[in-house]
Amino acid sequence: MKKRSTRLEAVKHLIKTRQIESQTVLLELLQNEGFEVTQATLSRDLKLLKVGKIPDGEKGYIYTLPPEDETRTEHLYSQDFLRGYTSIRYSGNTVVIKTHSGHSNTVAEALDCLAVEGVLGTLAGDNCIFVCLEENVSGERFLQNLKEKIPELPERNKVRT
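Take the sequence shown: its letter number 95 is residue 109 in the working numbering, and every next letter is one higher.
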C-alpha cells in the first residue's frame, strides 16, 4: 500500500497535468498507478487539497488546485498543532492527544495535513483526538515520526500507558 503523502502528490500531479472531470476518472487513474483508494478516501483527499472545479469548454467542469500561495504550509500546521495540544498518551497502536477545549479539530486537521507516517486516521471530539496507527506502528514510533514533522515538539506531557 502506498503512503498517503505519495497519493496526495499523485492526485496533485494528475490534476495539474490532465483535464479530469470526475472523481470516477481520477479514481481510475490513481488505481492505474497502483494506488488502492476508495471513493470516500479520494473525496477526503480532494477536500484536504482544496480542489475545486472550473468550467471547461470540452468537458463541462474539470478539477483545479488552488494557487500554491493559498495552500497552508507545514510550518503553519505545525504551529496549529503546538498551540492546541496539551498532552500525548499512547498504548499499543492507539494514541490519545488531549487539546485545549475547542482545539481538537484544528489539531487533528494539522496532524492529517502533516501526513505523519504510520497514522491510519484521526477522530476529534471537543478536547481529545483518537489516533489509530498502522498495525506495526507503536506509540513511541508515532512520536518519533511526529517529531520529524514538528521538530519544535517539546518532550512535555508524553506519557506511555
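Virtual Cβ for every residue (Gly too), placed ideally from N, Cα, C.
{"Check": "For D70, the first and last residue of its enclosing beta strand (DSSP E)", "Outcome": "66-70"}
{"Check": "Collapsed DSSP secondary structure at E169 in the structure displayed", "Outcome": "coil"}
{"Check": "Pair within 8 Å by beta-carbon distance, C132 and N159", "Outcome": "Looking at the sequence itself, residue 132 is Gly, so the reference to Cys does not match. Closer than 8 Å, so yes."}
{"Check": "Beta-carbon contacts of D83 that lie in its chain and below 7 Å, excluding the five residues immediately before and after", "Outcome": "Unreliable placement is indicated for D83, whose pLDDT of 48 sits below 50; no coordinate value is reported for it."}
{"Check": "CA-to-CA distance, A129 to S19, given in whole angstroms", "Outcome": "6 Å"}
{"Check": "C-beta contact flag for L44 and A24 at 8 Å", "Outcome": "yes"}
{"Check": "C-alpha distance - E148 paired with E72, whole-angstrom precision", "Outcome": "42 Å"}
{"Check": "Cβ-based burial, L60 [other Cβ within 10 Å; buried from 16]", "Outcome": "buried"}
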